[in-house]
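Engineer: Using the numbering used here, read the sequence shown as starting at 2 and increasing by one per residue.
Ideal Cβ positions, reconstructed from N, Cα and C, are used throughout, including at glycine.
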Amino acid sequence: MAPLLEVQDLVVGYAADIDILQSVSLRVSPLAITGLIGLNGAGKSTLMKAIYGFLKPKRGRVLLAGEEITGIAPHHLLRKGVWYIPQESSLFPFLSVEDNLRLVASRLDRGQGEERLEEVFQRFPDLQEKRRERAGNLSGGQQKMLEVAKALLVRPRLLLVDE
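(1) Would you mind listing the alpha helix (DSSP H) stretches within the segment 3-63 that are 4+ residues and don't spill past its ends, in chain order?
(2) By DSSP, does residue 108 sit in helix, in strand, or in coil?
(3) Among residues of its own chain, excluding the 5 on either side of residue 117, which ones have a beta-carbon nearer than 7 Å to its beta-carbon?
(4) Do you know offhand how far residue 39's Cα is from residue 45's?
(5) Got a sec? Which residues, its chain only, sit under 6 Å from residue 131 by beta carbon, not counting five neighbours each side?
(6) Output the boundary residues of the beta strand (DSSP E) element that contains residue 118.
(7) Looking at C-alpha atoms only, which residue of 64, 14, 86 is the closest neighbour of residue 30?
(8) Between residue 59 and residue 12, is the Cβ-Cβ spacing less than 7 Å?
(9) Run the CB neighbour count on residue 151, radius 10 Å, all protein chains shown included, and call it buried at 16 or more, exposed below.
(10) How would you call residue 15, buried or exposed, if buried means at least 16 neighbouring beta carbons within 10 angstroms?
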């Protein structure tokens, strides 16, 4: 079976002369749950950001189901079914739980957003209960739950989760 995600010989750095990732390669099969483990500073987040287009690799390729996506902007990857949950929060803390979800749902085809929003609330009763509360008032665990709920709204082919 062809991999859903393939990273080939990736070299990435934040400065011209310093490489954080040196010739990294990996393959992720469809329907697989794959964990990346390493010490602090080993480059796990850097790899995620390079896959998702936040960082442009110096060398190497990233393929999604055989299609090259190296360096493609994140908003284009969303259309290809890739979603990224960053280590730091991407929530709007002064908006309600529901409004944070509605921002994502607004990217979906008309009619799908409302239906999926209710599905997410059924899956996450804690969020249903707090749907009118500000996202910034949620506990750390509830905020992570909301990040996952946002991802599930779009039903991504590939979900990248950074810690």
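Structural biologist: Quick look at the numbers:
(1) 45-52
(2) Here residue 108 refers to the residue found at position 107 of the sequence shown. It is coil, neither helix nor strand.
(3) By one-based count along the sequence shown, residue 117 stands at place 116. Counting only Cβ-Cβ distances below 7 Å, and skipping sequence neighbours, we find 106, 109, 154.
(4) The residue given as residue 39 occupies position 38 in the sequence shown. The residue given as residue 45 occupies position 44 in the sequence shown. Residue 39 and residue 45: Cα-Cα distance of roughly 7 Å.
(5) Mapped onto the sequence shown, residue 131 falls at position 130. Excluding positions up to five away in sequence, the list reads 98.
(6) One-based indexing of the sequence shown puts residue 118 at position 117. Residue 118 -> not in any beta strand (DSSP E); alpha helix (DSSP H) instead, spanning 113-124.
(7) Mapped onto the sequence shown, residue 30 falls at position 29. Considering only alpha carbons, the answer is 64.
(8) Looking up residue 59 in the sequence shown gives position 58. Looking up residue 12 in the sequence shown gives position 11. Yes, the Cβ-Cβ distance between residue 59 and residue 12 is below 7 Å.
(9) Residue numbering aside, residue 151 sits at position 150 when the sequence shown is read from its first letter. Counting Cβ neighbours within 10 Å, residue 151 comes out buried, since at least 16 surround it.
(10) Taking the sequence shown and counting its residues from 1, one reaches residue 15 at position 14. So residue 15 counts as exposed.
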